């Protein structure tokens with residue numbers, strides 16, 4: 129569980145606050161007094177991308193262990209905010225969008241809360257074209273080349289097979305460098321073969 133400082137622009141914040149119309153506006157008017165933090169977990173669940181009627185369909189089901197970690201982190205954040213003097217803490221829970229005191233935290237029972245009731249998202253999706261040796265469980269090989277399409281290479285986060293639990297920027301750059309080095313070596317060999325053949 130990582131607690132991360134975030135602060136989206138007013139329009140994004142307003143969209144995450146409870147209510148619609150006038151009710152939402154009453155919450156949004158407090159923008160100057162808001163602070164925002166997020167909870168980042170390394171999830172154990174896997175999503176899936178498949179074709180349905182020719183259209184890509186992405187599915188993801190949060191595992192109970194992931195939900196428990198997420199709720200634990202959010203409760204910890206709420207406790208910290210109340211300890212710091214917050215009068216209200218907004219939570220990404222569909223059935224409990226905000227709390228007005230620390231005692232309300234006792235009402236949060238992770239087992240009674242379906243994962244779909246927790247507003248969550250991913251800023252760094254990975255693994256939709258996993259790297260691996262087995263074409264049945266991966267899209268590209270260890271050099272980033274597609275198993276089924278020769279000379280098609282991937283060098284982005286989609287090839288990373290699992291969550292790296294941190295911002296993947298450095299990992300993606302390292303992967304891209306590895307793929308580029310392999311391509312450079314491969315092109316060099318092809319040029320050498322072409323010269324030898326002529």
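In our numbering, the protein residues as written are 129 to 326.
Backbone N, C-alpha and C fix where the C-beta goes; we use that ideal spot for every residue, glycine too.
The structure presented is a predicted model; accordingly, all values stated were derived computationally and were not measured.
| Query | Result |
| --- | --- |
| Span of the alpha helix (DSSP H) around residue 140 | 138-144 |
| Bridge partners - residue 177, DSSP secondary structure assignment | 186 |
| Burial state of residue 313, where buried means 16 or more other Cβ atoms lie within 10 Å | exposed |
| Presumed contact (8 angstroms Cβ cut-off) between residue 156 and residue 142, rounded CB distance | 4 angstroms |
| Contact check, residue 131 vs residue 167, beta carbons under 8 angstroms | yes |
| Assigned secondary structure, residue 234 (DSSP; H/G/I helix, E/B strand, else coil) | helix |
| Span of the alpha helix (DSSP H), counted from its first residue to its last, around residue 165 | Careful: residue 165 lies outside any alpha helix (DSSP H), inside the beta strand (DSSP E) at 165-168. |
| Inter-residue spacing [alpha-carbon to alpha-carbon] between residue 294 and residue 134 | 15 angstroms |
| Per DSSP, the bridge partner or partners of residue 246 | 221 |
| Span of the alpha helix (DSSP H), counted from its first residue to its last, around residue 202 | 192-211 |
| Distance CB(residue 267)-CB(residue 283) smaller than 8 angstroms | no |
| The beta strand (DSSP E) enclosing residue 130, as first and last residue numbers | 130-133 |
| Limits of the alpha helix (DSSP H) - the one that residue 149 falls within | 149-156 |
| Residues near residue 271 in its chain [Cβ-Cβ closer than 6 angstroms; skip 5 each side] | 310 |
| Selection from 221, 288 and 239 that minimises the alpha carbon distance to residue 147 | 221 |
| Three-state secondary structure assigned by DSSP to residue 159 | helix |
| For residue 227, the three-state DSSP class (helix, strand or coil) | strand |
| Whole-angstrom distance between residue 299 and residue 286, CA atom to CA atom | 12 angstroms |
| Closest Cα partner of residue 289 within the set 280, 279 and 303 | 303 |
| Status (buried if at least 16 other CB within 10 Å, exposed otherwise) for residue 197 | buried |
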